[in-house]
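Enquirer: First the structure, then my questions, so here it is.
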Amino acid sequence: MRFFLLCSLLGLLGACEHPTQSSQTEYSSQPPLYTYDVEQRIADLGIELPEVGSPMANYVNAQRVGNLLFLAGKGPRRADGTFVTGKVGADLDVEAAYEAARLTAINQLAVLKATLGDLNRVKRIVKVMGMVNAAPEFEQHPEVINGFSDLMVEVFGERGKHTRAAVGMGSLPRNIACEIDMIVEIVD
Amino acid sequence: MRFFLLCSLLGLLGACEHPTQSSQTEYSSQPPLYTYDVEQRIADLGIELPEVGSPMANYVNAQRVGNLLFLAGKGPRRADGTFVTGKVGADLDVEAAYEAARLTAINQLAVLKATLGDLNRVKRIVKVMGMVNAAPEFEQHPEVINGFSDLMVEVFGERGKHTRAAVGMGSLPRNIACEIDMIVEIVD
Amino acid sequence: MRFFLLCSLLGLLGACEHPTQSSQTEYSSQPPLYTYDVEQRIADLGIELPEVGSPMANYVNAQRVGNLLFLAGKGPRRADGTFVTGKVGADLDVEAAYEAARLTAINQLAVLKATLGDLNRVKRIVKVMGMVNAAPEFEQHPEVINGFSDLMVEVFGERGKHTRAAVGMGSLPRNIACEIDMIVEIVD
Chain A
15 MRFFLLCSLL
25 GLLGACEHPT
35 QSSQTEYSSQ
45 PPLYTYDVEQ
55 RIADLGIELP
65 EVGSPMANYV
75 NAQRVGNLLF
85 LAGKGPRRAD
95 GTFVTGKVGA
105 DLDVEAAYEA
115 ARLTAINQLA
125 VLKATLGDLN
135 RVKRIVKVMG
145 MVNAAPEFEQ
155 HPEVINGFSD
165 LMVEVFGERG
175 KHTRAAVGMG
185 SLPRNIACEI
195 DMIVEIVD
Chain B
15 MRFFLLCSLL
25 GLLGACEHPT
35 QSSQTEYSSQ
45 PPLYTYDVEQ
55 RIADLGIELP
65 EVGSPMANYV
75 NAQRVGNLLF
85 LAGKGPRRAD
95 GTFVTGKVGA
105 DLDVEAAYEA
115 ARLTAINQLA
125 VLKATLGDLN
135 RVKRIVKVMG
145 MVNAAPEFEQ
155 HPEVINGFSD
165 LMVEVFGERG
175 KHTRAAVGMG
185 SLPRNIACEI
195 DMIVEIVD
Chain C
15 MRFFLLCSLL
25 GLLGACEHPT
35 QSSQTEYSSQ
45 PPLYTYDVEQ
55 RIADLGIELP
65 EVGSPMANYV
75 NAQRVGNLLF
85 LAGKGPRRAD
95 GTFVTGKVGA
105 DLDVEAAYEA
115 ARLTAINQLA
125 VLKATLGDLN
135 RVKRIVKVMG
145 MVNAAPEFEQ
155 HPEVINGFSD
165 LMVEVFGERG
175 KHTRAAVGMG
185 SLPRNIACEI
195 DMIVEIVD
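Here it is as structure tokens:
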């Protein structure tokens, strides 16, 4: 208030800036989230992001509300369009399932890239639901879903660390080895 | 600031409005989300929304945080209070399970109606978790959950398109054929 | 605006306060959410919160976005670090599984305490995903997850009532009896 009055009394019409406006300017020139380029990091890891397939039904790959981005469940789709299939603990061992979860992460990165344009806009991976198509006696779900989580941290660093659940499903579409969805915080 | 000072110097005590107030007025007179009446659309589809049952335990049907509305999981409850039950792929085929998912959608619409008062307040269906009570070898979960997704798009149009996961559970309460929860963005 | 001008014209440099500042003061002195102390309530229930273990993989126990707090899935971990294990409906009955879900709730309270510092900051339990490691024919998932929900209401009262899904998984890590994650609304 004293600031306003001082400006007013002195008649310095051009010299005073509204403080809120200047702080908005600072906000729009905020520093980048990363000390490195996320997309270069992905290239350095030898990862090529695949094309994102259109959902075959009445749903979409990503939906934004505020700064939260909700991603649909995805599976371990190879570059040729086929999927890694089978029950983990019966048809696949943990190592193969880890790779399937990592492949699923690459597919989700492709969805993020297609949605955001620039992966440097990912502020934080918030929540991951890691669903393993597992034999009833299987017990190593965390070791499988680590294939997804590890890649997120390789790519996004500390910002890639998320909350998660790693659980065993009774069955999955087309017998895919895993299905993983997630929630991401983004910036404009 | 110049706006404030101009008012101040001219002494136009009654002529100046605070700019924030006028933009708030614009917000409250925002246009409707739909070019049609959502509740009339439901009636046109021949759908009668059932009564919403009270949860039998220490939980609630819907919880709002900001403009996000979280809905509890619901099942395929018929108007007479009974449920569609059985393992999909063993006791039910895909067509019967599609209808069960559609029936579940009708139950969630009833929860939305009871919570919001007016279904035209649904800005967007954000996320759907479609859980099928499936036989271990079942692979057509997307075709089942389409019964839910298709109805949401019939009712809400483009605003009904959501992200989703369609997965197979090992078992469900009372052996219901599916359980589906969702997150919805709403307006006041 | 008139308020600003009145101050300006009278030259009462020290007498006028910016109205926004005073409303911020009111906000920071908002009344407490509870009519009782939540942490005393927990002690009165005879519950001792355990140490929170560090996640063994690239994930975290809790992640905040705005006023939403997302918690990772937790299981029925005893104070000695062992877990309640077994398939519900085969190795465990409903009563034992109810206690396992209650124990899981205690572990999530410990995560909340470690994250928030003060459990009186919990504004609302929003969403609970209750996943039971169940035999394929098991049907009483709600009665199991009530062990979690009941404790939340004992501790947080009406603010503890949440939306939830109670479902049966095909398998869970280390064969734990249940895994439960949740979303919580908090205040600063």
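Protein chains in written order, with the working numbering: chain A, 15 to 202; chain B, 15 to 202; chain C, 15 to 202. For glycine and all other residues, C-beta sits at the position ideal for the given N, C-alpha and C.
Return no unless some Cβ of chain C is closer than 8 angstroms to the Cβ of Glu153 (chain B).
Expert: Closer than 8 angstroms: no.
Enquirer: Flag Glu171 (chain A) as yes if its beta-carbon sits less than 8 angstroms from any beta-carbon of chain C, otherwise no.
Expert: At residue 171 (chain A) the sequence reads Gly, which differs from the Glu that was named. For Gly171 (chain A), the answer is no, since every Cβ of chain C falls outside 8 angstroms of its Cβ.
Enquirer: At which residues does the beta strand (DSSP E) containing Glu199 (chain A) begin and terminate?
Expert: Looking at the DSSP string, the run of the beta strand (DSSP E) that includes Glu199 (chain A) is Cys192 to Ile200.
Enquirer: Listed in chain order, which residues of the segment 159 to 189 of chain A have Cβ atoms closer than 7 angstroms to some Cβ of chain B?
Expert: Cβ contacts with chain B come from Met183, Gly184, Ser185, Leu186, Pro187, Arg188 and Asn189.
Enquirer: Using the Cβ count rule (16 or more neighbours within 10 Å means buried), how would you classify Pro45 (chain C)?
Expert: The residue in question, Pro45 (chain C), is exposed, as its Cβ has fewer than 16 Cβ neighbours within 10 Å.
Enquirer: DSSP state of Val98 (chain B), grouped into three classes?
Expert: In the structure shown, Val98 (chain B) sits in coil (DSSP, three-state: anything other than H, G, I, E or B).
Enquirer: Please state whether DSSP places Val169 (chain C) in a helix, a strand or coil.
Expert: In the structure shown, Val169 (chain C) sits in a helix (DSSP, three-state: H, G or I).
Enquirer: Starting from the beta carbon of Pro150 (chain C), find every residue of chain B whose beta carbon is closer than 7 angstroms, and list them in chain order.
Expert: Chain B residues near Pro150 (chain C): Gly184 and Ser185.
Enquirer: Does Asp195 (chain C) get closer than 8 angstroms to chain A when you measure Cβ to Cβ?
Expert: Closer than 8 angstroms: yes.
Enquirer: With a 10 Å radius around its C-beta and 16 neighbouring C-beta atoms as the bar for buried, classify Gly184 (chain B) as buried or exposed.
Expert: Buried, because 16 or more other Cβ atoms sit within 10 Å of the Cβ of Gly184 (chain B).
Enquirer: If you count every other CB in all the chains shown that lies within 10 Å of the CB of Arg135 (chain A), and 16 or more means buried, which is it?
Expert: Its Cβ being crowded by 16 or more others within 10 Å, Arg135 (chain A) is buried.
Enquirer: Taking the alpha carbon of Met247 (chain C) as the point to measure from, which residue in C:Glu151, C:Val158, C:Ala93 and C:Leu133 has its own alpha carbon closest?
Expert: The structure shown does not extend to residue 247 (chain C), since chain C is modelled only from 15 through 202, so no value can be given for it.
Enquirer: Using the beta-carbon of each residue, which ones in chain B are nearer than 9 angstroms to Leu82 (chain C)?
Expert: Residues of chain B passing the Cβ test: Val79, Gly80 and Leu82.
Enquirer: Along the chain, which unbroken stretches of the beta strand (DSSP E) at least 3 residues long are found entirely within the segment 52 to 122 of chain B?
Expert: Fully enclosed beta strand (DSSP E) runs of 3 or longer: 76 to 79 and 82 to 88.
Enquirer: How about Ala114 (chain B): is its C-beta nearer than 8 angstroms to some C-beta of chain C?
Expert: No, its Cβ sits nowhere closer than 8 angstroms to a Cβ of chain C.
Enquirer: Could you name the residues that DSSP lists as bridge partners for Asn147 (chain C)?
Expert: Its beta-bridge partners are C:Met183.
Enquirer: Determine whether the beta carbon atoms of Val167 (chain A) and Gly161 (chain A) lie at a separation below 8 angstroms.
Expert: No, these two residues do not count as a Cβ contact at 8 angstroms.
Enquirer: DSSP three-state label for Lys137 (chain A), please.
Expert: In the structure shown, Lys137 (chain A) sits in a strand (DSSP, three-state: E or B).
Enquirer: Flag this pair as yes or no: are the beta carbons of His176 (chain B) and Val201 (chain B) separated by less than 8 angstroms?
Expert: No. Outside cutoff.
Enquirer: So that I know if they touch, is there some Cβ in chain B lying closer than 8 angstroms to that of Arg138 (chain C)?
Expert: Yes, contact with chain B.
Enquirer: Count Cβ pairs between the segment 72 to 90 of chain B and the segment 104 to 122 of chain B that sit closer than 8 angstroms; are there 3 or more?
Expert: Because the criterion of three Cβ pairs below 8 angstroms is met, the segment 72 to 90 of chain B and the segment 104 to 122 of chain B touch.
Enquirer: Around the Cβ of Ala119 (chain B), are there at least 16 other Cβ atoms within 10 angstroms (buried) or fewer (exposed)?
Expert: Burial call: buried.
Enquirer: Evaluate Asp208 (chain A) with the Cβ neighbour count: other Cβ atoms within 10 Å of its Cβ, from every protein chain shown; 16 or more gives buried, anything less gives exposed.
Expert: The requested residue 208 (chain A) is not part of the displayed model; chain A covers only 15 to 202.
Enquirer: In the DSSP assignment, what residue or residues form a beta bridge with His176 (chain B)?
Expert: DSSP output for His176 (chain B) lists A:Tyr73 as bridge partner(s).
Enquirer: Along chain A, in chain order, which residues have C-beta atoms closer than 7 angstroms to that of Leu85 (chain C)?
Expert: Per Cβ cutoff of 7 angstroms: Thr177.
Enquirer: Whose Cβ in chain B lies nearer than 8 angstroms to the Cβ of Val74 (chain A)?
Expert: Going along chain B in sequence order, the residues near Val74 (chain A) (Cβ under 8 angstroms) are Lys175, His176 and Thr177.
Enquirer: Here's the rule I'm using: 16 or more other beta-carbon atoms within 10 Å means buried, otherwise exposed. How should Gln13 (chain C) be labelled?
Expert: For chain C, the structure presents residues 15 to 202; residue 13 (chain C) sits outside this window and is missing.
Enquirer: When you compare only the Cα positions, how much space is there between Glu109 (chain C) and Ser68 (chain B)?
Expert: Computed Cα separation, rounded: 24 angstroms.
Enquirer: Looking at C-alpha atoms only, which residue of C:Lys101, C:Leu59, C:Tyr50 and C:Ala149 is the closest neighbour of Asp164 (chain C)?
Expert: Measuring from the Cα of Asp164 (chain C), the nearest candidate turns out to be C:Leu59.
Enquirer: Can you check whether the C-beta of Lys88 (chain C) is within less than 8 angstroms of a C-beta belonging to chain B?
Expert: For Lys88 (chain C), the answer is no, since every Cβ of chain B falls outside 8 angstroms of its Cβ.
Enquirer: Please return the same chain residues whose Cβ sits closer than 7 angstroms to the Cβ of Glu199 (chain A), not counting the five positions on each side in sequence.
Expert: Cβ neighbours of Glu199 (chain A) beyond the five flanking positions: Asn81, Leu82, Lys137, Arg138 and Val140.
Enquirer: Which residue from A:Val52, A:Val74 and A:Asp51 puts its Cα closest to that of Ala180 (chain B)?
Expert: Comparing Cα positions, the closest option is A:Val74.
Enquirer: Should Glu193 (chain C) go down as buried or exposed, given a rule of 16 or more other Cβ atoms within 10 Å for buried?
Expert: Classification for Glu193 (chain C): buried.
Enquirer: Out of C:Ala71, C:Pro150 and C:Leu47, which has the shortest C-alpha to C-alpha gap to Val102 (chain C)?
Expert: If we check each option's Cα against that of Val102 (chain C), C:Pro150 comes out closest.
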